[in-house]
């Protein structure tokens, strides 16, 4: 790493002596990108990579007016570098703060440039027209002027954060970020988040269709059944489901409790992601969570069932069903017991009142960081379970 730093220090020092100009800024940016790539390849770690904001500021503050025009592009590249060693998920809180900092910088620099009457002269080649006014999240005003290319990069950063949450099994955060994107999408008519992911999305981190599929699966995991239609009726999701016929079929089957067909499709999805280093590790959690949710829905409607019949209903091996139902009963202290000798799962009621399963699950979530596949299942199915059995 030290050798690489020294190799680039001389070239950077030479360029820093050149007059500040857009051309020199471009040469410096290209040089820094090459340095970052070399560091990644030599160390196999993104920990030594920076987003270069402080570099431009320290070398000459005049460069910041050029940096403003590519700040979201630079952050997008930085996120891609962070994904190189699969750390984009673990770094998502840091990356989210970097995004907020970039937004603040663009706002502040715009105010300064307007005061200097320079706003329309800087980066004009990137602006579609003088009336391009694109908003972003709550930190950005609707009259913030940035180029279309920068807005596309901004939305890439937002989508990358959604993906980072998914590969860390934080499905609730996936939906929180996605809900924010849906809400803010309508404030940007000239180029929206969904227009970016549908027409301008790069596959450097994740393929756009894969990301939308992962979001839809997160909806099934995190939301109660009566909330699903809210998402499926979204015109952008609806348009995507028309294209992804297998996912649409899976959603229909799962919603109609046709679990045999649904889990066969889910198994096909899992095999599809096996070659993907990141998704092959985290995707298997999805089928397990959805099975656990389905088990509780099924058990809430019966008093007694054989392990054999229930396994046939879900089209899964008896051994898998047995172990997962045992885990479910133990984890949430459900009023079911398994007769191992007869292979029977049976509901029982010890007390005069059915226990408050919802409160127990909330205590588990509050006091222990159980894996997301457990906490999500608990928070979503406990209410339906207690109501059906009360």
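In the numbering used here, the protein residues as written are 2 to 391.
Built from N, CA and C at the ideal position, the CB exists for glycine as well.
Note that this is a predicted model, so its numbers are computed, not measured.
Return the residue from the list the options that minimises the CA-CA distance to residue i.
{"i": "residue 268", "options": "292, 48, 288 and 297", "result": "288"}
{"i": "residue 102", "options": "283, 158, 50 and 81", "result": "158"}
{"i": "residue 271", "options": "64, 307, 283 and 261", "result": "283"}
{"i": "residue 24", "options": "67, 61, 91 and 14", "result": "67"}
{"i": "residue 56", "options": "13, 19 and 80", "result": "13"}
{"i": "residue 330", "options": "346, 233 and 237", "result": "346"}
{"i": "residue 343", "options": "262, 306, 204 and 316", "result": "306"}
{"i": "residue 86", "options": "295, 279 and 325", "result": "279"}
{"i": "residue 63", "options": "175, 20 and 184", "result": "20"}
{"i": "residue 178", "options": "147, 212, 201 and 153", "result": "212"}
{"i": "residue 217", "options": "312, 147 and 234", "result": "234"}
{"i": "residue 104", "options": "151, 261 and 243", "result": "151"}
{"i": "residue 244", "options": "349, 198 and 210", "result": "210"}
{"i": "residue 246", "options": "300, 266 and 224", "result": "266"}
{"i": "residue 225", "options": "255, 274, 197 and 70", "result": "255"}
{"i": "residue 257", "options": "340, 229, 273 and 341", "result": "229"}
For the beta strand (DSSP E) containing residue i, name the first residue and the last one.
{"i": "residue 338", "result": "337-340"}
Starting from residue i, follow its DSSP beta bridges and name the residues at the other end.
{"i": "residue 348", "result": "337"}
{"i": "residue 305", "result": "347"}
Could you name the residues of the same chain whose beta carbon sits closer than 7 Å to that of residue i, not counting the 5 residues immediately before and after it, in chain order?
{"i": "residue 182", "result": "159 and 194"}
{"i": "residue 18", "result": "none"}
{"i": "residue 100", "result": "76 and 158"}
{"i": "residue 369", "result": "With a pLDDT of only 31 at residue 369, under the threshold of 50, the placement of this residue in the model should not be trusted; the figure read from the coordinates follows. So the list is empty, once near-sequence residues are dropped."}
Hey, residue i and residue j are a contact pair by Cβ (cut 8 Å); roughly how many whole angstroms apart?
{"i": "residue 252", "j": "residue 165", "result": "Residue 252 to residue 165, Cβ: 24 Å. No contact."}
{"i": "residue 222", "j": "residue 290", "result": "5 Å"}
{"i": "residue 176", "j": "residue 214", "result": "Residue 176 to residue 214, Cβ: 14 Å. No contact."}
{"i": "residue 206", "j": "residue 161", "result": "5 Å"}
{"i": "residue 264", "j": "residue 292", "result": "7 Å"}
{"i": "residue 153", "j": "residue 198", "result": "With a Cβ gap of about 10 Å, residue 153 and residue 198 do not count as contacting."}
What residues in its chain sit with their C-beta under 8 Å from that of residue i, if we drop five residues either side in the sequence?
{"i": "residue 16", "result": "25, 28, 29 and 32"}
{"i": "residue 349", "result": "336, 337 and 338"}
{"i": "residue 285", "result": "271"}
Starting from residue i, trace the alpha helix (DSSP H) both ways and give me its first and last residue.
{"i": "residue 61", "result": "No alpha helix (DSSP H) contains residue 61, which DSSP labels as neither H nor E."}
{"i": "residue 256", "result": "246-256"}
{"i": "residue 272", "result": "260-273"}
{"i": "residue 151", "result": "149-168"}
{"i": "residue 185", "result": "172-186"}
{"i": "residue 287", "result": "286-300"}
{"i": "residue 222", "result": "209-223"}
{"i": "residue 195", "result": "194-200"}
{"i": "residue 83", "result": "72-85"}
{"i": "residue 68", "result": "65-68"}
{"i": "residue 23", "result": "23-44"}
{"i": "residue 227", "result": "226-233"}
{"i": "residue 146", "result": "Note, residue 146: premise wrong, no alpha helix (DSSP H); not H, not E."}
Give me, in chain order, the residues of the same chain whose beta-carbon lies closer than 6 Å to that of residue i; leave out the 5 immediate sequence neighbours on both sides.
{"i": "residue 83", "result": "47, 89 and 92"}
{"i": "residue 9", "result": "36"}
{"i": "residue 238", "result": "232"}
{"i": "residue 295", "result": "260"}
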